[in-house]
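Asks: Take a look at this one; I'll ask things after.
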Amino acid sequence: MDSPQKHYALAIEALEELTAELVTVQPRSKPSAPIPIRPALEQVLDDLSPLPREALFLGAAYDGLPVLLNLRDPAPGPILVAGDAGSGKTALLQMVAQAATFMHDSKSVQFGVVTNYPDEWQSFGGLPNCAGVFPTYHNAAMDFILSLTDWAHNNRGGKQSVLLLLDDLESMTHIDPEDQQNLRWLLLRGPNRHVWPIVTLNAGRTGEVLPWLDAFRTRLFGQIRNAAEAEALVPARGANLNALEPGLEFKLREGKRWLRFWIPSFKS
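In structure tokens:
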């Protein structure tokens, strides 16, 4: 992520004193080693408490600080989560949904899921912050996107935020043009109106969604083994995305450096 987006709170300085309290999961001298013990999400959030009220938890960096999105600052824009099949893209979305439920009441933050595989999200439908789990191939998914668009158009001073967890960007290339227009508007204007699209992409299908990629200034990367596929998505060299632990580790660009982080375990 480029330096103009410093408003994106990736590590809050006020939490530095909590670094020593975070569960140590990997020696700093060996940053490429796999994590032997994976702490539970609720425990990690407890160890980091208190977090800012406007924060959305995305993961934990190896310096002990949280990776956070400030839901009141639209600067990062919509978030793309790219990686190979099996790299943990869906797991990251599910962890974010769980974290939102732990950290916020439903009057502050809600999430809705659009997915090709609703069975993977069956247990999430009962969470108090869940606005619904919608199969991509069902009209209800497009109705949800339309309702979010209408809500965002009228949400100028509201305090509630809604997460649009869209699992598979490529599937959106097959919807009606009017529905695509609604989604494009949410990608362009949603964060300004407290609608946050967090969207996954299989790195091997990047060529199918090229017209959509410019909407995503903020990109999180899971493991991508193929160097050519990584180059099509990564804004700078030196990411070494092939070395990430599938289902666990991600990277993002923070200024001129790459930040490597991991996601806690959670109950799906």
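Going by the numbering used here, the sequence shown opens with residue 4, and the numbers climb by one from there.
Built from N, CA and C at the ideal position, the CB exists for glycine as well.
These numbers were taken from a predicted model, which means no experiment stands behind them.
Give the C-beta separation of P79 and A218 to the nearest angstrom, bearing in mind that I take them to be a contact with Cβ-Cβ under 8 Å.
Replies: Sequence index remark: in the sequence shown, residue 79 carries index 76 (1-based). Sequence index remark: in the sequence shown, residue 218 carries index 215 (1-based). Actually they do not touch by this definition, with Cβ atoms about 12 Å apart.
Asks: By Cβ distance, which residues of its chain are closer than 7 Å to T176, with the 5 residues on each side in sequence left out?
Replies: As a working mapping, residue 176 is identified with position 173 in the sequence shown. Within the same chain, T176 has close Cβ partners E211, V212.
Asks: Could you name each continuous beta strand (DSSP E) segment of 3 residues or more that falls completely within the stretch 145-175, going from the start of the chain to the end?
Replies: 164-170
Asks: Give me the Cα-Cα distance between E234 and A94, rounded to the nearest whole angstrom.
Replies: For the purposes of this step, residue 234 is taken as the residue at position 231 of the sequence shown. For the purposes of this step, residue 94 is taken as the residue at position 91 of the sequence shown. If you take the alpha carbons of E234 and A94, they lie about 24 Å apart.
Asks: Counting Cβ pairs closer than 8 Å, one from the stretch 57-67 and one from the stretch 115-129, do we hit at least three?
Replies: Between the stretch 57-67 and the stretch 115-129 there are fewer than three C-beta pairs closer than 8 Å, too few to call the two in contact.
Asks: Within the chosen definition, does the stretch 142-158 reach the stretch 177-185 through at least 3 CB pairs nearer than 8 Å?
Replies: By the Cβ criterion, the stretch 142-158 is in contact with the stretch 177-185, since at least three pairs of Cβ atoms, one from each stretch, lie closer than 8 Å.
Asks: Assuming contact is defined by CB atoms lying nearer than 8 Å, are P200 and G193 in contact in what I supplied?
Replies: As a working mapping, residue 200 is identified with position 197 in the sequence shown. As a working mapping, residue 193 is identified with position 190 in the sequence shown. It is a contact, given that the beta carbons lie within the stated cut-off.
Asks: Measure the beta-carbon distance from F114 to A134 and round it to whole angstroms, keeping in mind my assumption that it falls under 8 Å.
Replies: Along the sequence shown, one-based indexing puts residue 114 at 111. Along the sequence shown, one-based indexing puts residue 134 at 131. Confirmed, about 7 Å.
Asks: Where DSSP assigns a beta bridge to R263, which residues make up the other side?
Replies: Within the sequence shown, the letter at position 260 stands for residue 263. In the DSSP output, where bridge partners are listed per residue, R263 has K254.
Asks: Which of helix, strand or coil does DSSP assign to P180?
Replies: Mapped onto the sequence shown, residue 180 falls at position 177. Reduced to three states, the DSSP call for P180 is helix.
Asks: Confirm, please, whether the CB-CB distance from N205 to A64 is below 8 Å.
Replies: In the sequence shown, residue 64 corresponds to position 61, counting from 1. In the sequence shown, residue 205 corresponds to position 202, counting from 1. No, they are not a contact pair.
Asks: If we ignore side chains and look at the alpha-carbon of each, how far apart do S109 and L71 end up?
Replies: Reading the sequence shown from its first residue, position 106 is the one you call residue 109. Reading the sequence shown from its first residue, position 68 is the one you call residue 71. If you take the alpha carbons of S109 and L71, they lie about 19 Å apart.
Asks: Which ranges would you report for the beta strand (DSSP E) in the stretch 178-231 if only whole runs of at least 3 residues count?
Replies: 198-205, 221-224
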